[in-house]
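Note sheet for the following structure.
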């Protein structure tokens with residue numbers, strides 16, 4: 007079923023300014039600073055299990071829960087991100103740090119292979135008794151992903167072997183057998199790790215265990231009920247009230263509505279997509295198509311942020327997309343990229359690539375500061391100035407999710423199919439890619455996303471016929487293309503959002519793609535009550551926002567964008583090393599004549615006001631202040 | 007300083023349909039059902055103190071707090087409301103119920119006069135140790151207000167005597183003396199009760215104690231710090247984080263910003279207004295004028311709802327007035343009426359009467375259902391359909407606040423000054439009022455608030471010269487008036503929002519007042535970001551809202567009111583016994599052509615749509631559904 011395979015990030019050299027800057031920042035600053043933070047917050051120390059355990063660093067909340075319980079996952083995610091950095095350039099310091107962690111883990115590991123540092127250090131008698139809340143398999147999954155990435159980057163299999171022992175233990179503990187637990191994790195994640203492991207080991211057991219966890223999920227009687235009773239708890243006392251929270255309310259193939267905790271949902275769908283492909287399972291694929299439509303057509307912010315509610319860190323009702331209280335966790339948009347990427351490699355359909363790109367440039371990228379050392383957990387679309395980037399968090403999941411994404415960004419650019427090279431993302435890069443038996447050197451040149459003028463040079467090792475598919479983004483109207491200077495009929499060769507060019511390619515061939523990037527006004531479905539009478543600004547893949555700092559004369563809340571106002575892109579070399587802003591000849595509501603009235607029968611006077619919007623992902627990197635994505639039209 | 011005295015509610019016979027219906031409902035249904043609820047929820051039982059105490063009915067929350075701690079206040083407020091009912095018509099059942107409560111209280115009272123049933127029954131050793139959190143004096147205040155009202159209605163002074171004993175105890179415990187506590191209650195209220203008591207007893211001690219509590223509040227070192235340290239607590243651990251929460255962050259005369267818990271603030275300002283008048287204290291009056299402007303010009307919903315945040319049940323930042331998450335507690339609007347009423351009797355200024363009326367017909371009245379037995383605690387201005395009226399609440403403060411308000415509604419209609427009769431509110435009623443030495447029979451006839459045609463008949467016992475002041479509401483443009491058929495120059499005789507008519511009044515005189523009531527569009531100050539591009543509908547004193555149930559064809563969220571759309575009042579005899587609705591020839595955004603898109607570059611199509619709005623105070627009395635006050639213009 008999976009017709010395309012992504013090209014590994016390590017085979018793609020990022021050259022364009024946009025991603026080069028982000029990647030360099032992540033490699034030079036984010037990953038080292040994250041190791042420092044893990045050290046300073048006692049997270050690394052927690053791996054060196056000692057008896058008696060040190061006092062809790064993060065006190066238990068009123069549900070008797072501490073986020074410290076999933077520290078292993080933060081370390082695993084850092085190892086993964088750091089290993090991707092090694093994929094760009096080996097680094098003895100990082101390798102030493104990972105090796106040190108490996109030794110702690112090896113020392114902590116129990117003789118039976120079990121390896122969760124929280125449980126080993128604090129309550130080993132309770133292992134595997136609360137999969138619902140305690141992230142035990144989730145931690146295993148992230149550490150396993152880290153081990154795989156480290157092995158792939160360096161060939162060093164010490165950590166992988168440690169984790170393979172643990173996987174053996176897990177495979178014994180969980181499964182359909184009478185002596186096994188018929189359970190799965192409250193926070194999906196290990197499924198993705200096991201599927202990656204299968205790609206490394208080729209051991210069917212690893213794939214089957216991932217499938218077991220997904221297939222078992224939501225069957226009745228619900229495992230979390232059984233487990234709670236075994237613990238002596240009343241399942242009705244579940245703090246989250248509903249198993250929709252962790253998507254175990256019904257079997258996954260019967261799920262037709264995106265519900266609950268957003269990151270859990272997205273990780274699960276990504277794993278389901280992998281399994282649909284591996285098992286050629288149309289029932290999984292069908293469920294995913296329904297869920298994809300559900301989330302993208304009724305439950306997604308214009309930034310591809312997901313999950314409006316802080317309460318469940320997730321989804322609520324259809325079209326409930328409040329802007330100022332949006333949760334829209336960075337991790338959820340990162341995980342949406344994972345899911346979209348997998349859907350795209352099953353069906354090469356621009357719908358998936360469009361959302362992948364939208365999440366990448368907006369909801370996910372906003373999570374990382376310009377300096378690479380500050381983060382957003384929540385990504386609201388409106389702020390009264392109080393929402394600020396932080397240096398660390400009691401639940402630092404988002405930090406390493408965004409660093410592992412950026413560190414592996416090259417892996418989202420290309421896929422190959424049978425005699426096909428598909429190009430999903432644009433921006434300067436070069437790669438040598440095997441298309442069928444032929445090595446093809448590809449070089450993209452462009453200043454994307456600031457400009458839609460893109461050259462893709464295709465240099466096959468030997469001349470030959472194959473297809474190049476270039477994504478024409480959904481937002482790109484009137485795209486045009488030339489091959490070696492000759493015009494191509496884009497509409498006539500467009501299929502599912504990709505321009506298909508089949509020909510005999512020879513050295514020196516080049517495609518020039520022109521994706522017009524006018525400033526666009528975006529309107530929300532009229533059921534989104536929060537956005538009624540409001541408009542968002544988008545250019546290419548970038549959603550824009552108005553920040554107070556760019557508009558000293560006009561309070562952000564008074565800015566208006568009448569339907570006939572001129573909006574124009576403006577190159578700004580003085581901002582963030584060169585970006586494109588949007589300048590509007592809009593209006594501003596005046597407050598001078600209100601004389602201490604809060605309400606009146608006269609509408610506010612409006613006067614001409616020129617104001618500036620910047621890409622959303624960049625907000626709160628300068629002076630803190632108000633921010634707005636959805637601007638009143640008048 | 008106080009130039010006017012309100013006419014007692016018991017001297018005003020409500021005759022007009024609007025308030026007659028509300029009053030009858032409260033007398034016939036609300037007050038008896040509240041007694042039932044107090045019984046069924048164990049609140050009455052808690053007065054019959056027993057050892058050991060029964061288990062808690064309301065478990066402690068994570069701050070170790072239970073609202074059960076202030077049950078005495080709920081009983082006190084019910085006695086007050088029930089006594090107002092007796093002011094309309096004596097009732098042996100109610101009197102028996104109050105007498106039964108009185109006996110429980112007399113039995114519970116300690117020899118030294120102390121009388122708080124929570125503390126006596128559960129932790130008497132801790133009395134007066136946590137005024138900050140535990141509502142001890144607040145409970146005393148409400149019970150005292152109940153006792154006064156019962157005495158005034160019946161002449162029965164048994165409960166009053168019990169409470170006078172308690173007041174003596176309090177007056178010994180608190181004060182400037184070396185052996186006294188220099189404290190005051192975390193929840194203001196007792197001040198209002200003591201001032202009322204002074205009006206009954208004439209005992210200066212009662213007034214002085216009220217003044218002591220107000221004058222002491224917020225002095226440094228803060229009493230709540232001292233008290234916390236004495237308890238062995240660290241004052242820094244205060245759960246509310248700031249003494250702004252209970253307005254003890256600085257001395258009351260230095261307060262220039264309305265902050266913290268809204269009900270506490272309003273009760274305090276009401277008491278300050280009483281004290282300003284009693285002590286002729288311009289420093290208090292000046293502070294109140296600043297606070298009045300602060301709250302009404304920057305922090306009040308269009309419904310006169312107060313306090314946007316559930317977090318502190320109160321105020322946040324200026325212009326922060328979210329509609330769907332508005333807390334806007336019923337009690338806060340009731341308390342705003344108390345404050346406005348007192349300000350109005352100091353300075354006869356229509357500004358105060360306008361807000362008093364706005365709160366009465368909107369933010370306060372919305373708290374009571376049509377059937378008189380369901381309530382709102384929060385009064386949001388927008389609902390996705392999930393906000394519903396409830397029958398009872400763990401914190402039932404609002405229920406008795408709205409019943410005591412309605413049961414004494416006649417008390418807000420008139421005030422008298424030296425040779426002056428002032429009319430604040432309209433609606434059919436009659437009263438015999440002493441204006442100077444002369445008894446004047448006044449009869450108002452109108453269907454207000456549905457119509458602004460009002461006849462006020464003035465029948466003095468003996469002919470004589472005095473002034474009648476008729477309020478011309480701020481919303482009433484081009485008001486006209488005739489006296490015995492002859493036109494009066496309204497603008498020429500208007501002072502501070504009141505039409506002044508000085509003449510020799512004789513039997514049979516009548517004023518015909520015409521307050522035009524067009525449907526008005528209301529706009530919010532442009533700093534209120536939530537209302538940008540939106541408009542509210544108002545007619546006379548009533549704010550309107552759109553409810554789904556009246557508009558089956560058009561989802562509420564899609565309704566639009568373009569600036570040039572026709573809006574008209576429509577009499578509807580089929581709804582709620584006869585009301586005026588507003589019908590708009592507006593528009594509705596269409597969703598038919600969105601094809602599963604959530605965002606697009608084309609604005610939503612709009613088509614003509616006629617839709618109906620109803621008075622806000624009536625919402626959620628029929629089928630539950632979405633509701634909206636602030637309607638997008640387009």
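Residue numbers (our numbering), protein chains in the order written: chain A, 7 to 640; chain B, 7 to 640. For every residue, glycine included, the Cβ atom is placed at its ideal position computed from N, Cα and C.
Close to residue 529 of chain A, with beta-carbon spacing below 8 Å, are these residues of chain B in chain order: 605, 606, 607, 608, 609 and 610. A straight line joining the alpha-carbon of residue 73 of chain A with that of residue 145 of chain A spans about 12 Å. Against chain A, the CB of residue 390 of chain B has a partner CB under 8 Å away; the residue lies at that interface. Counted as a single uninterrupted DSSP element, the alpha helix (DSSP H) harbouring residue 31 of chain B occupies residues 23-31.
Taken in chain order, the members of the stretch 59-73 of chain A whose beta-carbon sits within less than 8 Å of a beta-carbon on chain B are 68. Around the CB of residue 159 of chain B, 16 or more other CB atoms lie within 10 Å, so the residue is classed as buried.
Membership of residue 113 of chain A in any beta strand (DSSP E) is not indicated; the residue belongs instead to the alpha helix (DSSP H) covering 98-114. Residue-level contact check: residue 303 of chain A touches chain B, since one or more beta carbons of chain B fall below 8 Å from its beta carbon.
Under DSSP, residue 9 of chain A shares a beta bridge with no residue.
Within chain A, no C-beta atom comes nearer than 8 Å to that of residue 309 of chain B; the closest sits roughly 10 Å away. Across the set A:453, A:585 and A:555, the C-alpha of A:555 shows the shortest separation from the C-alpha of residue 630 of chain A. Counting along the chain, residue 225 of chain B sits inside no alpha helix (DSSP H), nor does DSSP assign it H or E at all. One alpha carbon belongs to residue 79 of chain B, the other to residue 453 of chain B, and they sit about 36 Å apart. Along the stretch 577-599 of chain A, the positions whose C-beta sits under 9 Å from a C-beta of chain B are 594, 595, 596 and 597, read in chain order. In terms of Cβ geometry, residue 478 of chain A and residue 496 of chain A form a close pair [threshold 8 Å]. Selection B:228, B:186 and B:169 evaluated against residue 207 of chain B yields B:169 as nearest (Cα-Cα). In this structure, DSSP gives residue 233 of chain A a helical state, which the three-state scheme calls helix.
In this structure, DSSP gives residue 436 of chain A an extended state, which the three-state scheme calls strand. Rounded to whole angstroms, residue 151 of chain B and residue 375 of chain A show a C-alpha spacing of 58 Å. Taking a cut-off of 8 Å on C-beta distances, the stretch 79-90 of chain B touches the stretch 98-114 of chain B, as three or more cross pairs fall below it. The C-beta of residue 369 of chain A has 16 or more other C-beta atoms within 10 Å across all chains shown, which makes the residue buried. By the rule that beta-carbons nearer than 8 Å mark a contact, residue 323 of chain A touches chain B.
In the DSSP assignment, the residues bridged to residue 606 of chain A are B:529.
In the three-state reduction of the DSSP assignment, residue 424 of chain A falls in the coil class, being assigned neither a helical nor a strand state. For residue 360 of chain B, the enclosing alpha helix (DSSP H) begins and ends at 356-364. For residue 182 of chain B, there is no enclosing beta strand (DSSP E), as DSSP marks it with neither H nor E.
Put simply, the backbone Cα of residue 398 of chain B is about 28 Å away from that of residue 316 of chain A. Residues of chain B whose Cβ lies closer than 7 Å to the Cβ of residue 455 of chain A do not exist; the shortest such Cβ separation is about 18 Å. Residue 591 of chain A: member of the beta strand (DSSP E) spanning 585-595, first to last residue.
In this structure, the CA atom of residue 278 of chain B is about 29 Å from the CA atom of residue 125 of chain B. Annotated as proximal: residue 296 of chain B and residue 262 of chain B, with beta-carbon spacing under 8 Å. Counted as a single uninterrupted DSSP element, the alpha helix (DSSP H) harbouring residue 202 of chain A occupies residues 196-207. In the structure shown, residue 520 of chain A adopts extended strand secondary structure according to DSSP, grouped into three states.
Within the same chain, 478, 496 and 521 come within 6 Å of residue 485 of chain A by CB-CB distance, once the 5 residues on both sides are set aside. Within chain B, no C-beta atom comes less than 7 Å from the C-beta of residue 195 of chain A; the nearest is roughly 27 Å away.
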